[in-house]
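Asker: Numbering of the sequence shown is given in this note's numbering, commencing with residue 55 and proceeding in unit increments.
Idealized CB from N, CA, C, for every residue including glycine.
Structure provided below as structure tokens; questions to follow.
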Amino acid sequence: MPSDDHAPRAPLSHRVPDLGALELLLAVARHGSLGRAARDVGITQPAASSRIRSMERQLGVALLDRSPRGSRLTDAGALVTDWARRIVEAAESFDAGAQALRDRRDSRLRVAASMTIAEYLLPGWLIALRAERPDTAVSLLVGNSADVARRLVTGEADLGFVEGLSIPEGLDGTVIAHDRLVVVVAPGHPWARRRTPLLPGELAATPLILREHGSGTRQVLDAALAVHGGLAQPLLELSSTTAVKGAAESGAGPCVLSELALGEELSARRLVKIPVAGVRLRRQLRAVWPAGHRPTGPARDLLSRTGRDGVPGAP
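Have a look at this one:
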């Protein structure tokens, strides 16, 4: 009758020696000396002798005949050695296969990031990763936070970075930095001459140049102004930070963007920052990955470049 491959198997007996003990026995068989076998596997002779005696007790048979001229396998020891050789060869094959899987994993890294992080933070992290892992090919997919979450859930990316209010469903993550949204206008806009901060109701009631729904910037702004009547109908709704900045610089109207994205424009006074009172526009920047799958290999190394690996114990 053919065997049933799906039948439950009994666990290995406690009498099965570990691989280290089997490798030592094979070394004794090769050298005919416990002392030379001990040097071969990198342990002291007393430790080798103790390990052989322990294995003999575990198996319940004598494996070696010891004499001043060396150590000789008993008949049982010769049979156990043949079995041990097959086990060690299988373990070496297993180890080589596992290493091949790690090499394949480490040969590429697919990163998905929302726009602010991709443009203003990731380049430095990727340069540091390149110095550490020059043979890893890195691809970067840029989109809004909703796009990043979708790519991670569908397996299109290994590690993601988002700017929204919380960790998207189906993902785990860790906070890597904090960011602040600021209101900016062109120097000729009436707000640029204000002496007092904007009130939340004024900001909410003003048509703004905004990022699209699904972006982390839009999520934070929607939430911050929800208790102040919610956002007015957008003046413009654009899908990139660069486009929003360009429209604001042209004088089309006010916009709200990450402070990380505005350094050059503010220092050159192409845009002017407008203080806002009574509303919190801070947000957390997060690294995210599929739930239950901690980053490993290049993904773990990139995460450590951010200063927050958040996943102790991953290989």
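Looking at the strands, I want to know which residues DSSP matches up with residue 126.
Answerer: Position 72 of the sequence shown, counted from the start, is the residue given in the question as residue 126. Answer is 119.
Asker: Quick one: give me the first and last residue of the beta strand (DSSP E) that residue 228 is part of.
Answerer: For the purposes of this step, residue 228 is taken as the residue at position 174 of the sequence shown. Residues 225-239.
Asker: Is it right to say residue 137 is buried, meaning 16 or more other beta carbons lie within 10 angstroms of its own, or is it exposed?
Answerer: On the sequence shown, position 83 is the one that residue 137 refers to. By the neighbour-count rule (16 or more Cβ atoms within 10 Å), residue 137 is not buried but exposed.
Asker: What did DSSP end up calling residue 70 once you bin it into helix, strand or coil?
Answerer: Here residue 70 refers to the residue found at position 16 when the sequence shown is read from its first residue. Three-state DSSP puts residue 70 in coil, outside helix and strand.
Asker: Would the region 327-340 count as touching the region 239-259 if we require 3 or more Cβ pairs under 8 Å?
Answerer: yes
Asker: If you count every other CB in all the chains shown that lies within 10 Å of the CB of residue 352, and 16 or more means buried, which is it?
Answerer: What you label residue 352 is simply residue 298 of the sequence shown in a count that begins at 1. With 16 or more other Cβ atoms within 10 Å, it is buried.
Asker: Label residue 349 either buried or exposed according to how many other C-beta atoms from any shown protein chain fall within 10 Å of its C-beta, with 16 as the threshold for buried.
Answerer: The count along the sequence shown starts at 1 and reaches residue 349 at position 295. Buried: at least 16 other Cβ atoms inside 10 Å.
Asker: For residue 271, which residues in the same chain have their Cβ closer than 6 Å to its Cβ, ignoring the five residues on either side in sequence?
Answerer: In the sequence shown, the residue the question calls residue 271 occupies position 217. Cβ within range, chain order: 265.
Asker: With a Cβ-Cβ cutoff of 7 Å, do residue 341 and residue 228 count as a contact?
Answerer: Here residue 341 is taken as the residue at index 287 of the sequence shown, counted from 1. Here residue 228 is taken as the residue at index 174 of the sequence shown, counted from 1. For residue 341 and residue 228, yes; Cβs fall inside 7 Å.
Asker: On the DSSP letters alone, give me the boundaries of the alpha helix (DSSP H) that residue 86 sits inside.
Answerer: Walking along the sequence shown from the start, residue 86 turns up at place 32. It is not in any alpha helix (DSSP H) - residue 86 carries neither H nor E in the DSSP assignment.
Asker: Roughly how many angstroms lie between the CA atoms of residue 214 and residue 288, to the nearest whole one?
Answerer: In the sequence shown, counting from the first residue as 1, residue 214 sits at position 160. In the sequence shown, counting from the first residue as 1, residue 288 sits at position 234. Cα-Cα distance, rounded: 28 Å.
Asker: Helix, strand or coil for residue 210, going by three-state DSSP, please let me know.
Answerer: Residue numbering aside, residue 210 sits at position 156 when the sequence shown is read from its first letter. If DSSP states are grouped into helix, strand and coil, residue 210 belongs with coil.
Asker: Please state if the CB of residue 188 and the CB of residue 203 are separated by a distance shorter than 7 Å.
Answerer: For this step, residue 203 is matched to residue 149 along the sequence shown. For this step, residue 188 is matched to residue 134 along the sequence shown. No, the Cβ-Cβ distance between residue 203 and residue 188 is not below 7 Å.
Asker: Using CA atoms only, rank isn't needed, just tell me which of 233, 262 and 230 is closest to residue 245.
Answerer: Position 191 of the sequence shown holds residue 245. Per the Cα distances, 262.
Asker: Whose C-alpha, out of 234, 216 and 85, is nearest the C-alpha of residue 336?
Answerer: As a first step, residue 336 is located in the sequence shown; it is residue number 282 there, counting from the start. Nearest C-alpha to residue 336: 234.
Asker: What did DSSP end up calling residue 348 once you bin it into helix, strand or coil?
Answerer: For the purposes of this step, residue 348 is taken as residue 294 along the sequence shown, with counting starting at 1. Of the three classes helix, strand and coil, the one that applies to residue 348 here is coil, per DSSP.
Asker: When you compare each of 296, 102, 107 and 258 to residue 283 by their alpha carbons, which one comes out closest?
Answerer: On the sequence shown, residue 283 is found 229 positions in, with the first residue counted as 1. Residue 283 has its Cα closest to that of 258, out of 296, 102, 107 and 258.
Asker: With a CB to CB cut of under 7 Å and the five nearest residues on each side skipped, what residues in its chain are close to residue 174?
Answerer: The residue you call residue 174 lines up with position 120 of the sequence shown. Hits under 7 Å: 314 and 315.
Asker: So if DSSP puts residue 99 in a beta bridge, which residue, or which two residues, is it bridged to?
Answerer: Along the sequence shown, read from residue 1 onward, the residue named residue 99 stands at position 45. Residue pairing by DSSP places residue 99 in no beta bridge whatsoever.
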